[in-house]
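Peer 1: Residue numbers (the numbering used here): 187 to 459.
Quick reminder that beta carbons are idealized off the backbone N, C-alpha and C, glycines included.
From a predicted model like this one, the values you see are computed outputs, not experimental measurements.
Before we start, here is the structure in question, set down as structure tokens.
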Amino acid sequence: MTDPSTRARALSIAGSDSGGGAGIQADLKTFSAFGVFGMTAVTAVTVQNTMGVQGFEAISAGTVADQIRAVASDIGVEAAKTGMLANAPIVEAVAAAVAEAGIPNLVVDPVFVSKHGHVLLAEDAVGALRTRILPLATIVTPNLPEAAGLAGFAVETRGQMRRAADAILALGTGSVLVKGGHLEDPTRSSDLFVGPSWEGWLEEERIDTPNTHGTGCTLSAAIAARLALGDVVPDAVRAAKTFVTEAIRHALSLGRGIGPVDPMWSIGPEHPL
187 MTDPSTRARA LSIAGSDSGG GAGIQADLKT FSAFGVFGMT AVTAVTVQNT
237 MGVQGFEAIS AGTVADQIRA VASDIGVEAA KTGMLANAPI VEAVAAAVAE
287 AGIPNLVVDP VFVSKHGHVL LAEDAVGALR TRILPLATIV TPNLPEAAGL
337 AGFAVETRGQ MRRAADAILA LGTGSVLVKG GHLEDPTRSS DLFVGPSWEG
387 WLEEERIDTP NTHGTGCTLS AAIAARLALG DVVPDAVRAA KTFVTEAIRH
437 ALSLGRGIGP VDPMWSIGPE HPL
């Protein structure tokens, strides 16, 4: 029997998705798929399903910070990820609590909008994200619109992805993974990783499916899980890219809209206990 005290531990600092496809729900499923004990600091409660986000209520900044402190001071955190942070006070509170607790291996998924275009981060919070959260990050994982928001210029091509990576690194993060899902390539999914020891393109088959809800959450959670397990950043990113490709391949046709990817693809009903 495995000693429970040796179980790797990861924290998701993100919003709750009532539909179960993204946010802390996707993160906890991903952590479990890697055998990592998952914990949460809930930043917002969203009202959503496969048809989109109908609304959300942000948790108070103080309560978000208290959740982080409670978990870190007792259970311990070997890696953490941020997702939806909602507003500037929460961004500031998360930055302070993460720094105070000395949480290592911070993966920042800079969630700006939902898959359906619902704004999930207040405009005045972007500056705080750039100046307070990114300097604490081990890695940042923006998609093209998020990379544009962080870098301050349009990001639509591979060349612009490389420029954006440099601009984001200049904000103080340790490394960056610019996700190329919005590139117009019908056959390949190409992401650019740039870090201090290695840089390069990570390419996988582009899966033809409308069911892609939770892709970014699953990827960033997988990186955090691998970091908690002891991977160096480039290895964690490679493993996470392969993992999320399979999660997309096994996406679930649930609801009447954009269904979720399946972070439990490796331990699902085809692999019963």
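#1: Residues in the same chain with beta-carbon distance under 6 Å from G238, minus the five sequence neighbours each way, listed in chain order, please.
#2: Taking all protein chains shown into account, decide if W451 is buried (16 or more other Cβ within 10 angstroms of its Cβ) or exposed.
#3: D295 lies in the alpha helix (DSSP H); which residues open and close that run?
#4: Taking the straight line between their C-alpha atoms, what separation do you get for A272 and G248?
#5: If you follow the alpha helix (DSSP H) that A212 is in, where does it begin and where does it stop?
#6: Since K267 and A410 are thought to touch, with beta carbons under 8 Å apart, how far apart are those beta carbons, to the nearest angstrom?
#7: Write down the C-beta distance between N329 and G402 rounded to the nearest angstrom, noting that I regard them as a contact closer than 8 Å.
#8: Which ranges would you report for the beta strand (DSSP E) in the segment 232 to 275 if only whole runs of at least 3 residues count?
#9: Could you please give the first and the last residue of the uninterrupted alpha helix (DSSP H) stretch that includes A407?
#10: Of the choices I325, V326, E278, whose alpha-carbon is the least far from that of G313?
#11: To the nearest angstrom, how far is the alpha carbon of S259 from that of A356?
#12: Kindly indicate which residue of H399, D394, S198, P420 has the alpha-carbon position closest to the one of E264.
#13: Taking a contact to mean a Cβ-Cβ separation below 9 Å, would you say G262 touches D213 in this structure?
#14: Between the segment 315 to 323 and the segment 358 to 370, do at least 3 Cβ pairs fall closer than 8 Å?
#15: Can you look up L307 in the DSSP assignment and give me helix, strand or coil?
#16: DSSP three-state label for R316, please.
#17: Who are the near neighbours of V430 in its chain, counting only those whose CB is closer than 8 Å to its CB and skipping five residues on each side?
#18: Does the distance from the C-beta atom of A200 to that of F223 stay below 9 Å?
#19: Which same chain residues end up closer than 6 Å to F242 when comparing Cβ atoms and leaving out the 5 residues on each side of it in sequence?
#20: Apart from the five residues just before and just after T428, which ones in its own chain have a Cβ nearer than 8 Å to its Cβ?
#21: Closest to L413 by CA distance: which of V250, Q346, I289, R442 is it?
#22: Please report the residue range of the beta strand (DSSP E) in which A437 lies.
Peer 2: The relevant details are as follows:
#1: Translated into positions along the sequence shown, residue 238 becomes position 52. If we look at G238 and ignore the five residues flanking it on each side, its Cβ neighbours are H302.
#2: Taking the sequence shown and counting its residues from 1, one reaches residue 451 at position 265. It counts as buried.
#3: As a working note, residue 295 is residue 109 in the sequence shown. No alpha helix (DSSP H) holds D295; DSSP gives it neither H nor E.
#4: Taking the sequence shown and counting its residues from 1, the one referred to as residue 272 is at position 86. Taking the sequence shown and counting its residues from 1, the one referred to as residue 248 is at position 62. Answer to the nearest angstrom: the Cα atoms are 14 Å apart.
#5: Stepping through the sequence shown from its first residue, residue 212 is reached at position 26. Unbroken alpha helix (DSSP H) run through A212: 209 to 219.
#6: Along the sequence shown, one-based indexing puts residue 267 at 81. Along the sequence shown, one-based indexing puts residue 410 at 224. About 4 Å; that satisfies the 8 Å criterion.
#7: Here the question's residue 329 lines up with position 143 in the sequence shown. Here the question's residue 402 lines up with position 216 in the sequence shown. Going by Cβ atoms, the distance from N329 to G402 rounds to 6 Å, so yes, they are a contact pair.
#8: 238 to 244, 265 to 268
#9: Here residue 407 refers to the residue found at position 221 when the sequence shown is read from its first residue. 401 to 414 is the extent of the alpha helix (DSSP H) around A407.
#10: Taking the first residue of the sequence shown as 1, we reach residue 313 at position 127. Nearest option by C-alpha distance: E278.
#11: One-based indexing of the sequence shown puts residue 259 at position 73. One-based indexing of the sequence shown puts residue 356 at position 170. Distance between the alpha carbons of S259 and A356: 31 Å.
#12: To locate residue 264, count along the sequence shown from 1; it is residue 78. Selected option, being the one with the closest Cα: S198.
#13: On the sequence shown, position 76 is the one that residue 262 refers to. On the sequence shown, position 27 is the one that residue 213 refers to. For G262 and D213, no; Cβs fall outside 9 Å.
#14: yes
#15: As a first step, residue 307 is located in the sequence shown; it is residue number 121 there, counting from the start. Strand.
#16: Here residue 316 refers to the residue found at position 130 of the sequence shown. Here R316 sits in helix by DSSP.
#17: For the purposes of this step, residue 430 is taken as the residue at position 244 of the sequence shown. Cβ neighbours of V430 beyond the five flanking positions: T401, T404, L405, A408, V447.
#18: For this step, residue 200 is matched to residue 14 along the sequence shown. For this step, residue 223 is matched to residue 37 along the sequence shown. No, they are not a contact pair.
#19: For the purposes of this step, residue 242 is taken as the residue at position 56 of the sequence shown. Within the same chain, F242 has close Cβ partners A230, T232.
#20: Taking the sequence shown and counting its residues from 1, the one referred to as residue 428 is at position 242. Excluding sequence neighbours, T428 sits near E390.
#21: As a position in the sequence shown, residue 413 is number 227, starting the count at 1. Checked all of V250, Q346, I289, R442; the closest Cα to L413 is I289.
#22: Numbered from its first residue, the sequence shown carries residue 437 at position 251. No beta strand (DSSP E) contains A437, which DSSP labels as neither H nor E.
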